[in-house]
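Notes follow once the structure below has been shown.
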């Protein structure tokens, strides 16, 4: 079991910020000797989950790309969000995302993405994990909780200034969550990524938010009136699918 733990620790050293690591960096990242790290990396290379460049540095292997869709479909909300994503893509013509919520570490992972004809290059790919914060999906997740629970969580949440419109003030963010809870959907415009607007609604599993779906569109064709209409449509689609319609 210790070897399995170490192998997984090596794999989790990689991130979007650090897609390529040397043996020394891997060894330092997991706190092992270079000899032990090299031995474990050799096994991961054999299974195709790691690959090594000509200069000896390591990257994640393409075998993981084969496993990613399988993992996404194994999400507890995948079967529900798949139907919602299809409906929203057809009815809006915009990009639609679905995410699974992990309340243990307050994170979100994208499990589905249906692109519009004009792809938004700034969006997260399937498999991207991020902490719940000031985007429409994060807002929707938090709005599913009672206000007192959100207040308790606030000290542990990070509200990064991704753009000049990101809400980083705690009181202003709480007020935004309150509005989302009242409406039944969350919205954002230019807060997560410049020039991008979105609306999101959570998907429940046993009474708790297990995932969320969001429609994302350029601000240039998604002003406040259309964003409201999209938010209401997302809420309607989620409600209909949950009711088996």
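In the working numbering, the protein residues as written are 601 to 845. Just so you know, even glycine gets a beta-carbon here, dropped at the ideal spot from N, CA and C. Keep in mind the model is a prediction, meaning the values are calculated, not measured.
| Minimum length 4: unbroken alpha helix (DSSP H) runs contained in the stretch 763 to 793 | Within the stretch 763 to 793, the complete alpha helix (DSSP H) runs of at least 4 residues are 770 to 783.
| request: Would you kindly work out how many angstroms separate the C-alpha atoms of residue 631 and residue 616, rounded to a whole number? | output: CA-CA distance, residue 631 to residue 616, rounds to 21 Å.
| task | Give me the Cα-Cα distance between residue 670 and residue 842, rounded to the nearest whole angstrom. | result | Those two C-alpha atoms are separated by around 23 Å.
| said: Tell me which residues share the same chain as residue 661 and place their Cβ nearer than 7 Å to its Cβ, disregarding the 5 neighbours each side in the sequence. | reply: 648, 649, 650, 651.
| Cβ distance (whole Å) where residue 736 is taken to contact residue 788 below 8 Å | The Cβ separation is near 4 Å, so the contact holds.
| residue 822 versus residue 764 - alpha carbon distance | Taking the straight line from one Cα to the other gives about 19 Å.
| task | Take residue 734 and list the residues in its own chain whose beta-carbon comes closer than 8 Å to its own, dropping the five residues that flank it on each side. | result | A distance below 8 Å between beta-carbons, with the five flanking residues on each side excluded, links residue 734 to the following residues of its chain, in chain order: 759, 760, 762, 766, 767, 768, 773, 788, 791, 792.
| Who are residue 818's beta bridge partners in DSSP? | According to DSSP, residue 818 bridges with 796.
| Member of 637, 749, 619 whose CA lies at the smallest distance from the CA of residue 609 | Ranking 637, 749, 619 by CA distance to the CA of residue 609 puts 637 first.
| task | Count the other CB atoms, across all protein chains shown, that sit within 10 Å of the CB of residue 602; report buried if there are 16 or more and exposed otherwise. | result | Its Cβ having fewer than 16 others within 10 Å, residue 602 is exposed.
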